[in-house]
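Novice: Just add 622 to wherever you are in the sequence shown, counting from 1, and you've got my numbering. Each residue gets a CB set at the ideal place from its N, CA and C atoms; glycine is no exception.
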Amino acid sequence: MKIAVDINGVLFSVIDKFVEFFNEKHGTLYTKKDVTQWEFYHDWNSSEREFFELFYKAYENILDIPFIDDDASDYMKRLNSTHEVHILSALDTQYTPHVVEKLIFHGIEEGTQYRELIIIKEKPWDLKLTHDFDLYVDDNPHLVEPIKQMNERFLLLYDQPWNQDSICEKNVIRVHNWKEVFDTIIAL
């Protein structure tokens, strides 16, 4: 099975640093739990441009970004030994070296935990589906409905505040940690 693993919201919690920067700039008291939809910045009287500026500001100090699950490295290694695991993320390519540094810092290395790091444009939000993978581990709610129409593909929707309205059924399965990711893939 060919597996695509996202970075933001699945491996790194960039939103934590984003919220910190946003609060500093605007004098607000938002938390990650207040990010209840994908384009939440509209509700916060912000713009997409500001969102990306603060999002990438977090990447400039990537080692300060919280890692979501310390078990991810082990589970990715085990999956990559029997499947083909890739990291597929929507980012500005100038941050690729930062991403690699953070992955290595957490024991996620090319050749052991994954085969290839693929960086694509941020938009359209469902651009990842143009890449040929059997299974996606992602937090993006914009992937849910298109995946449901692709019976041969699966989405493991990594549970986050911004994807709570997504209905997981058929080939879309909600997961809460990397043990669930691993167990679900092994069971398929």
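Between which two residues does the alpha helix (DSSP H) harbouring Tyr678 extend?
Specialist: 670-682
Novice: Considering only the beta carbon of each residue, do Val766 and Val794 sit closer than 8 Å?
Specialist: yes
Novice: If we count Cβ pairs, one from each stretch, closer than 8 Å, do we get three or more for the region 678-694 versus the region 708-725?
Specialist: yes
Novice: What do you get for Met698, buried or exposed, if any count of 16 or more other CB atoms within 10 angstroms of its CB means buried?
Specialist: buried
Novice: Measuring CB to CB, does Ser703 end up less than 8 Å from Gly729?
Specialist: no
Novice: Excluding sequence positions up to five away, which residues of its chain have a Cβ less than 8 Å from the Cβ of Tyr678?
Specialist: Once the five neighbours on either side are set aside, the close Cβ partners of Tyr678 are Asp714, Tyr717.
Novice: Could you check which residue in Lys750, Lys770, Gln782, Glu672 has the C-alpha nearest to that of Lys647?
Specialist: Selected option, being the one with the closest Cα: Glu672.
Novice: Kindly list the residues whose CB is nearer than 8 Å to the CB of Leu676, restricted to its own chain and excluding five residues on each side of it in sequence; keep chain order.
Specialist: Phe640, Phe643, Phe644, Lys647, listed in sequence order.
Novice: Under a Cβ-count criterion, where at least 16 other Cβ atoms within 10 Å of its own Cβ denotes burial, should Gln735 be classed as buried or exposed?
Specialist: Buried: at least 16 other Cβ atoms inside 10 Å.
Novice: Under a three-way DSSP split, which group does His724 fall into?
Specialist: Note on identity: in this sequence residue 724 is Lys, with His being the wrong assignment. Looking at Lys724 - three-state DSSP - the assignment turns out to be helix.
Novice: Considering only residues of the same chain and omitting the five flanking positions on each side of Glu731, which have a CB-CB separation below 8 Å?
Specialist: Leu725
Novice: Using C-beta distances below 8 Å, list every residue in its chain close to Lys770, excluding the 5 sequence neighbours before and after it, in chain order.
Specialist: Glu791, Lys792, Asn793, Val794
Novice: Which of the three DSSP states, helix, strand or coil, is assigned to Ile687?
Specialist: coil
Novice: Tell me whether the beta-carbon of Trp800 lies closer than 8 Å to the beta-carbon of Phe662.
Specialist: no
Novice: From Lys624 to Phe689, what does the alpha carbon distance come to, in whole angstroms?
Specialist: 24 Å
Novice: If Ile807 and Leu757 are in contact, beta carbons under 8 Å, what's the gap, nearest whole angstrom?
Specialist: 7 Å
Novice: Since Lys761 and Asp628 are thought to touch, with beta carbons under 8 Å apart, how far apart are those beta carbons, to the nearest angstrom?
Specialist: Correcting the residue identity first, residue 761 is Asp in this sequence and not Lys. Rounded, the Cβ-Cβ distance is 6 Å, consistent with contact.
Novice: Could you check where the beta strand (DSSP E) with Ser812 kicks off and where it finishes?
Specialist: The chain is shown only over 623 to 810; residue 812 falls outside these bounds and no answer can be derived.
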